[in-house]
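Protein chains in written order, with my numbering: chain V, 2 to 385; chain W, 2 to 385.
Each residue gets a CB set at the ideal place from its N, CA and C atoms; glycine is no exception.
Structure first, then comments.
In structure tokens form, the structure reads like this:
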């Protein structure tokens with residue numbers, strides 16, 4: 002009995018957390034409910050129901066499968082579905098017409114062969130990465146509609162009426178989804194991508210700041226838990242590739258919104274994302290030295306402390322400046338001066354290293370920052 | 002005219018390449034065609050058609066949306082679809098029954114409210130990561146079927162007949178897909194995951210081998226292009242997380258096959274994959290030193306060459322041994338001795354470094370290998 006109660010409490014907590022993490026999820030759920038209820042009206046309002054009959058079912062079906070979290074996702078699926086249904090319907094009617102020429106016994110054979118060939122061909126097309134990314138859903142709907150039309154066994158005249166009804170209902174379902182998705186508190190994939198890339202840069206900046214404090218022990222242990230949270234943030238950047246790519250794909254389908262035009266260069270975000278990830282790989286290496294138990298030579302550490310501190314704090318500032326200029330969509334002019342300072346510090350470090358002889362593992366913990374500084378430079382170049 | 006011809010040639014080349022990269026893709030396309038043609042027989046064989054009527058359409062629909070590249074994908078979608086349809090159908094009939102108690106005018110309101118609540122609730126459930134990974138498709142089908150049943154406006158007696166027909170056709174479509182998927186040259190997600198993780202370890206091993214040759218220039222420039230291809234292989238390991246996770250999710254749905262039992266510990270592969278990725282991050286850092294233009298101190302390089310060479314070649318051998326023992330599903334006993342050798346070399350290196358004073362960037366290029374060696378040790382532990 003108690004176990005059940007604690008389980009229910011756990012689930013409730015989990016629900017609350019999921020909703021709190023991103024309140025748009027709750028809104029999205031209500032939006033789906035709204036769109037479905039709107040479309041269901043077709044079944045209840047008798048005059049419309051008589052016009053469409055059972056085909057009204059397709060409106061409900063379209064809403065359920067087309068409605069996605071982001072506007073780009075809904076548009077991409079809706080447009081894919083509409084175009085694929087049109088194309089496959091036309092081809093299917095053509096195939097029916099062709100097959101009747103082969104007589105009563107030849108007809109099923111010809112239709113069967115056509116379904117086999119087109120289904121196999123279209124399935125193979127789904128393996129091309131470019132088609133997979135943008136038109137995957139359309140190809141599935143194409144196979145579906147083509148098989149349904151060709152094997153239905155209706156006469157061509159009946160088919161035209163059926164096709165008309167079905168297209169109209171799909172249009173209604175698709176339009177309802179798209180309109181609700183765009184006008185009821187929209188979730189733009191483009192805006193999400195923009196925020197994701199900017200916040201990733203922020204996380205890297207936070208890490209570098211935390212690293213400086215942690216490694217050179219200039220902070221008291223009081224805020225230890227807070228800074229270790231900062232130090233873990235970069236880990237999500239390492240695995241951000243998949244979500245960045247899918248968002249960029251969806252963003253391409255979206256109309257202009259907020260500060261973004263219709264043909265915003267979304268690919269640039271992927272480039273910045275890739276550079277941020279490279280930077281995160283370096284930080285990952287750096288991080289192993291933070292926790293390593295190699296005996297440290299304190300004398301040497303003191304000597305390199307100054308330039309290292311400058312490098313990491315200036316790099317961090319530069320990243321923050323880039324991220325905030327991205328958010329404001331301006332050129333990152335403030336970042337350049339931080340990068341200059343950090344590069345000067347890197348040079349200073351190299352001079353220091355040449356004057357003092359040393360054989361210490363510390364060195365390794367230090368040079369990556371120089372590398373990061375140079376990568377930062379590249380990042381700046383790529384921010385348009 | 003010429004532009005068109007070259008374009009067609011390009012597309013043809015692309016098709017050939019996609020097929021050659023993985024011949025199973027071509028077979029998969031034919032399998033989809035086969036399953037669809039089998040199901041289409043329902044429409045042509047009149048006795049069956051009379052039994053099911055328009056509901057036969059659902060068999061075609063099920064095949065198109067359920068048939069996936071891997072056996073696990075097909076099984077997961079088929080089982081999800083079957084269970085969700087059953088559950089949603091039962092609930093929908095219950096909702097209809099409940100709504101009739103509210104009289105002619107109250108019925109649409111009650112049904113509309115029920116659709117809204119269940120659709121919103123189910124959509125919200127899709128945001129939980131665990132449900133997303135395993136039952137996402139089932140939840141979509143649940144919403145779909147529930148709305149279709151409740152808004153269809155049929156009487157309860159009619160509904161039972163309809164539900165029976167639809168379940169039967171979905172069963173036929175799902176069973177056809179699963180049988181074709183399992184018995185006609187199956188593609189097992191589990192086997193794929195196994196191969197992917199093993200080949201990732203191989204790629205890391207190749208890199209370390211290539212690094213040794215490249216960095217210490219012990220190979221002639223003849224085979225430069227070949228070795229640079231080896232050096233690029235590790236890059237795919239960096240981004241392998243998403244595909245590993247989806248394969249592991251699908252593998253869980255598969256029955257025993259080949260050397261794998263039903264409840265094979267697929268999660269272990271994710272752990273090995275994560276360790277391999279950590280190793281790849283280190284290699285990424287190492288790689289920047291391979292191409293860097295920092296002035297190298299040759300004298301120092303000579304001193305550390307011997308232990309470094311041993312470390313990277315032994316690490317490479319250890320990775321290869323782990324990978325081949327994974328392929329043969331045996332305990333990696335051969336790898337342990339290579340790791341021992343590489344750890345001895347790492348100790349030797351540290352002693353060398355303590356005896357000679359130096360201030361050179363070389364050091365950085367060397368210690369990561371030591372880190373890799375220690376990571377290798379962890380990898381061995383995790384290989385069950």
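Please state whether DSSP places residue i in a helix, a strand or coil.
{"i": "residue 261 of chain W", "result": "strand"}
{"i": "residue 253 of chain W", "result": "coil"}
{"i": "residue 212 of chain V", "result": "helix"}
{"i": "residue 23 of chain V", "result": "coil"}
{"i": "residue 362 of chain W", "result": "For residue 362 of chain W, the pLDDT reaches just 39, beneath the cut-off of 50, and the residue's location in the model is therefore unreliable, although a value from the coordinates is still provided. Coil, per DSSP."}
{"i": "residue 8 of chain W", "result": "helix"}
{"i": "residue 161 of chain W", "result": "helix"}
{"i": "residue 68 of chain V", "result": "coil"}
{"i": "residue 326 of chain W", "result": "helix"}
{"i": "residue 241 of chain W", "result": "coil"}
{"i": "residue 172 of chain W", "result": "helix"}
The alpha helix (DSSP H) spanning residue i covers which residue range?
{"i": "residue 147 of chain V", "result": "130-152"}
{"i": "residue 109 of chain W", "result": "104-126"}
{"i": "residue 188 of chain V", "result": "Run containing residue 188 of chain V: none; DSSP gives neither H nor E here."}
{"i": "residue 57 of chain W", "result": "It is not in any alpha helix (DSSP H) - residue 57 of chain W carries neither H nor E in the DSSP assignment."}
{"i": "residue 234 of chain W", "result": "Note, residue 234 of chain W: premise wrong, no alpha helix (DSSP H); not H, not E."}
{"i": "residue 77 of chain V", "result": "72-101"}
Between residue i and residue j, which are expected to be in contact by the criterion C-beta below 8 Å, what is the C-beta distance as a whole number of angstroms?
{"i": "residue 261 of chain W", "j": "residue 191 of chain W", "result": "5 Å"}
{"i": "residue 271 of chain W", "j": "residue 243 of chain W", "result": "12 Å between Cβ atoms; not a contact."}
{"i": "residue 96 of chain W", "j": "residue 146 of chain W", "result": "Between residue 146 of chain W and residue 96 of chain W the Cβ distance is about 12 Å, and since that is not below 8 Å, they are no contact."}
{"i": "residue 71 of chain V", "j": "residue 251 of chain V", "result": "5 Å"}
{"i": "residue 57 of chain V", "j": "residue 170 of chain V", "result": "6 Å"}
{"i": "residue 178 of chain W", "j": "residue 36 of chain W", "result": "5 Å"}
{"i": "residue 31 of chain W", "j": "residue 182 of chain W", "result": "Not quite, the Cβ-Cβ distance comes to about 12 Å (not below 8 Å), so this is no contact."}
{"i": "residue 393 of chain W", "j": "residue 120 of chain W", "result": "Coverage of chain W is limited to positions 2 through 385, which leaves residue 393 of chain W absent and any answer about it impossible."}
{"i": "residue 19 of chain V", "j": "residue 129 of chain W", "result": "6 Å"}
{"i": "residue 285 of chain V", "j": "residue 235 of chain W", "result": "Rounded, the Cβ-Cβ distance is 14 Å, inconsistent with contact."}
{"i": "residue 255 of chain V", "j": "residue 73 of chain V", "result": "4 Å"}
{"i": "residue 144 of chain V", "j": "residue 65 of chain W", "result": "5 Å"}
| message | Any contact between the segment 85-93 of chain V and the segment 138-149 of chain W? By contact I mean 3 or more CB pairs, one from each, below 8 Å. | response | The count of Cβ pairs closer than 8 Å, one atom from the segment 85-93 of chain V and one from the segment 138-149 of chain W, stays below three, leaving the stretches out of contact.
| query | Would the segment 169-183 of chain V and the segment 56-66 of chain V be scored as touching if the rule is three or more Cβ pairs under 8 Å? | reply | With the cut-off at 8 Å, the segment 169-183 of chain V and the segment 56-66 of chain V touch.
| field | Inter-stretch contact at 8 Å, needing at least 3 Cβ pairs: the segment 108-115 of chain V / the segment 194-204 of chain V | value | Because the criterion of three Cβ pairs below 8 Å is not met, the segment 108-115 of chain V and the segment 194-204 of chain V do not touch.
| message | Under 8 Å, with one C-beta from each stretch per pair, do the segment 15-27 of chain V and the segment 122-131 of chain W reach the 3-pair mark? | response | At 8 Å Cβ cutoff, the stretches touch.
| query | Are at least three pairs of beta-carbons, each pair with one atom in the segment 277-286 of chain W and one in the segment 198-214 of chain W, less than 8 Å apart? | reply | Counting Cβ pairs under 8 Å, three or more are found: they touch.
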